[in-house]
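Since the structure comes first, as structure tokens, the remarks are kept for the end.
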Amino acid sequence: MKRLLNTLYVTSQGAYLSKEGDTVHVKVENETKLRIPIHNLGSIVCFGQVSCSPFIMGLCGERNVSLAFFTENGRFMARVEGPVSGNVLLRRAQYRKADDQQTTGELARSIVVGKIANSRIVLMRALRDYPGCAGVEVIEGAIKKLARIMEDMKHIYSIDWVRGKEGEAARIYFEAFDYLITGQKDEFYFKERTRRPPLDNMNALLSFLYTLLTHDVASALEGVGLDPAVGFLHRDRPGRPGLALDLMEELRPILADRLALTLVNRRQVKGKGFIKRETGAVVMDDATRKEVLNAYQIRKRDEITHAFLDEKISLGLVPHVQAMLLARYFRGDLDGYPPFRWR
Amino acid sequence: MMVLITYDVNTVTAAGRKRLRNVAKQCENYGQRVQNSVFECLVEPAQFVVLKNQLENIIDKELDSLRFYFLGANWKRRVEHIGAKISYDPEGFLNV
Numbered sequence: 000m001k002r003l004l005n006t007l008y009v010t011s012q013g014a015y016l017s018k019e020g021d022t023v024h025v026k027v028e029n030e031t032k033l034r035i036p037i038h039n040l041g042s043i044v045c046f047g048q049v050s051c052s053p054f055i056m057g058l059c060g061e062r063n064v065s066l067a068f069f070t071e072n073g074r075f076m077a078r079v080e081g082p083v084s085g086n087v088l089l090r091r092a093q094y095r096k097a098d099d100q101q102t103t104g105e106l107a108r109s110i111v112v113g114k115i116a117n118s119r120i121v122l123m124r125a126l127r128d129y130p131g132c133a134g135v136e137v138i139e140g141a142i143k144k145l146a147r148i149m150e151d152m153k154h155i156y157s158i159d160w161v162r163g164k165e166g167e168a169a170r171i172y173f174e175a176f177d178y179l180i181t182g183q184k185d186e187f188y189f190k191e192r193t194r195r196p197p198l199d200n201m202n203a204l205l206s207f208l209y210t211l212l213t214h215d216v217a218s219a220l221e222g223v224g225l226d227p228a229v230g231f232l233h234r235d236r237p238g239r240p241g242l243a244l245d246l247m248e249e250l251r252p253i254l255a256d257r258l259a260l261t262l263v264n265r266r267q268v269k270g271k272g273f274i275k276r277e278t279g280a281v282v283m284d285d286a287t288r289k290e291v292l293n294a295y296q297i298r299k300r301d302e303i304t305h306a307f308l309d310e311k312i313s314l315g316l317v318p319h320v321q322a323m324l325l326a327r328y329f330r331g332d333l334d335g336y337p338p339f340r341w342r
Numbered sequence: 000m001m002v003l004i005t006y007d008v009n010t011v012t013a014a015g016r017k018r019l020r021n022v023a024k025q026c027e028n029y030g031q032r033v034q035n036s037v038f039e040c041l042v043e044p045a046q047f048v049v050l051k052n053q054l055e056n057i058i059d060k061e062l063d064s065l066r067f068y069f070l071g072a073n074w075k076r077r078v079e080h081i082g083a084k085i086s087y088d089p090e091g092f093l094n095v
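Line by line, the protein sequences are chains A and B.
For what it's worth, numbering that gives the first Met the number 0 labels the leading residue of the first sequence as 0, then goes sequentially.
For what it's worth, numbering that gives the first Met the number 0 labels the leading residue of the second sequence as 0, then goes sequentially.
In structure tokens, the structure reads:
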């Protein structure tokens, strides 16, 4: 089984990354902060004003360590990629499947079913953890409605229909989402999903986590040799990692939504850690961002049992495992794509 | 697995000092220096074989010595640190 390699997050402004032998050398204001062998890392994620020597970029490309740059607020800017890797036959198989209406619909359906199932689990867990909380009827209603949508999706494969159902399920889920926030109610609430820019604290937190997840999923897809840009549920658009966004759908509730709720309900992040700009956009301060990154890393090390493989793996490996299953499906080794289901 | 590597390289001659530098350089590629001639390396078994071979080729077996301590995957409860020179945990949250 693949080992979950660590991620190096560089958030210090003015940091400089260079190659020293086979190690990554991080300097801040001419002082060495860290020197770590590249083989311990799976990816390097830089936020804000961080620079890199061309040699470290080359080393990352060569060793398949993904190196990505984000703005301070987590907007994706660029990724360094080595030579096109992976298997051309696999990529061709992916493109053929993407051109075929029937398989596009089938795959999109699998992904959406996985997403709805996992969203339901998030709601059900909330009911289990906080029995008798406010909005029990709303949450219970949402759980039932989501079950009905999953039932509806048993036989239909049309891609537009699937997209419609996905939207409907997302609306039902997010309508109940506010009731899952049990702590710090006056500072964290959820009315609707806003993005680019997020307009309240909860949306800012979710957006940041989704960015981290997109990065992880895109790297996982590249790791097995798939093209992250050619999606099924998401239409192709220049510069958009369609397949990464597809695969992310089923992982969002577990790796991002649930984590955001935990951070707020356990008061690990506070309202004062969020800053409202004149434009109405909400951004996090450095300490909060660090706390979120830390929690995300810890979450990724949680052990779960993968229902399809029946094997114990860390949550952080799930994107890699799903990418591998997707590749098997494209190659024709699997009849359908088994989405990730949280127990 | 975590491997602790310690070495003694005879530095009486210029060639000895060169061997010392090379041993240190190679160890740094695989792990972190926790004390002067002591490295903690988090490596896969295959990587360890490569590293061991490289180190064996550098040293002079008549004059120098190498020691490897295998701490396994559960190394964290086998290591305790007191005092200066704080190290990082290669499996922990890496944030600079």
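Yeah, the Cβ is synthetic: ideal placement off N, Cα and C, and Gly gets one too.
Here the structure is a predicted model, which is why all the values come from computation and not from measurement.
Examine chain A for any beta-carbon lying closer than 7 Å to the beta-carbon of residue i, and answer yes or no.
i, result
"B/Val22", "no"
"B/Asn28", "yes"
"B/Pro89", "yes"
"B/Leu50", "no"
Report the option in the options whose CA atom is closest to the CA atom of residue i.
i, options, result
"A/Thr278", "A/Thr210, A/Ala219, A/Pro196", "A/Pro196"
"A/Glu187", "A/Gly224, A/Pro252, A/Met201", "Before going on, a small fix: residue 187 of chain A reads as Phe here, not Glu. The shortest Cα separation from A/Phe187 among A/Gly224, A/Pro252, A/Met201 belongs to A/Met201."
"B/Ile4", "B/Val37, B/Arg18, B/Thr12", "B/Val37"
"A/Ile171", "A/Glu139, A/Leu254, A/Ile180", "A/Glu139"
"A/Phe207", "A/Ala116, A/Ile303, A/Ala294, A/Ala169", "A/Ala294"
"A/Pro53", "A/Arg236, A/Ser17, A/Arg78, A/Ile158", "A/Ser17"
"B/Leu90", "B/Lys60, B/Gln31, B/Tyr68, B/Leu65", "This sequence places Glu at residue 90 of chain B; Leu is not what is there. That would be B/Gln31, whose Cα lies nearest to the Cα of B/Glu90."
"A/Trp160", "A/Pro318, A/Val112, A/Pro252, A/Lys32", "A/Val112"
"A/Val268", "A/Gly166, A/Phe329, A/Lys311, A/Leu205", "A/Leu205"
"A/Ala133", "A/Leu89, A/Arg234, A/Glu191, A/Phe176", "A/Phe176"
"B/Asn52", "B/Glu61, B/Ala72, B/Leu62, B/Phe67", "B/Phe67"
"A/Gln101", "A/Lys289, A/Ile158, A/Ala255", "A/Ile158"
"A/Glu136", "A/Glu165, A/Asp98, A/Ala97, A/Leu179", "A/Leu179"
"A/Gly230", "A/Tyr94, A/Ala146, A/His305, A/Gly57", "A/Tyr94"
"A/Leu250", "A/Ala203, A/Met323, A/Lys190, A/Ile110", "A/Ile110"
"A/His38", "B/Gln34, B/Asn35, B/Lys84, B/Pro44", "B/Pro44"
"A/Val291", "A/Gly163, A/Gly238, A/Leu254", "A/Leu254"
What does residue i reach in chain A if we use C-beta pairs closer than 8 Å?
i, result
"B/Val95", "Leu7, Tyr8, Val9, Thr10, Ser11, Ala14, Val25, Val27, Lys32, Leu33"
"B/Glu61", "Correct list: empty, because the minimum Cβ distance to chain A is about 27 Å."
"B/Gln46", "His38"
Which residues mark the beginning and the end of the beta strand (DSSP E) in which residue i is found?
i, result
"B/Ser64", "64-71"
"A/Glu310", "310-313"
"B/Met1", "1-7"
"A/Leu40", "40-46"
"A/Arg34", "30-36"
"A/Lys18", "14-19"
"A/Ala67", "65-69"
"A/Ile303", "302-305"
"A/Lys26", "22-27"
"A/Asn5", "5-9"
Taking only beta-carbon positions, decide if residue i is within less than 7 Å of chain B.
i, result
"A/Asn202", "no"
"A/Gln267", "no"
"A/Asp21", "yes"
"A/Gln296", "yes"
"A/Asn293", "yes"
Output, in chain order, the set of chain B residues within a Cβ distance shorter than 8 Å of residue i.
i, result
"A/Lys289", "Asn94"
For residue i, go through chain B and note every residue whose CB falls closer than 9 Å to its CB, in chain order.
i, result
"A/Gln48", "Ordered by position in chain B, no residue passes the 9 Å Cβ test against A/Gln48, which lies about 13 Å from the chain."
What residue range is occupied by the uninterrupted alpha helix (DSSP H) comprising residue i?
i, result
"A/Val317", "317-330"
"A/Gln183", "From DSSP, A/Gln183 is part of no alpha helix (DSSP H); its letter is neither H nor E."
"A/Ala169", "158-176"
"A/Asn57", "Going by the sequence as given, residue 57 of chain A is Gly instead of Asn. Start and end: 53-61."
"A/Met123", "100-128"
"A/Arg76", "Residue identity differs from the one stated: residue 76 of chain A is Met in this sequence, not Arg. Counting along the chain, A/Met76 falls outside any alpha helix (DSSP H), though it belongs to the beta strand (DSSP E) covering 75-79."
"A/Ala141", "135-151"
Please list, in chain order, the chain A residues whose beta carbon lies closer than 7 Å to that of residue i.
i, result
"B/Leu41", "Asn39"
Taking 6 Å as the cut-off, is the C-beta of residue i nearer than that to any heavy atom in the ligand ZN?
i, result
"A/Lys271", "What this structure holds is no ligand at all, so the ligand ZN is not there to describe."
Enumerated in chain order, which unbroken segments of the beta strand (DSSP E) with a length of 3 residues or greater are wholly contained in the region 21-54 of chain B?
Counting whole runs of 3 or more residues, the region 21-54 of chain B contains the beta strand (DSSP E) stretches 30-34, 37-41.
So within the region 213-286 of chain A, which uninterrupted beta strand (DSSP E) runs reach at least 3 residues, ignoring any that extend past its ends?
Segments of the beta strand (DSSP E) lying fully in the region 213-286 of chain A: 273-275, 281-283.
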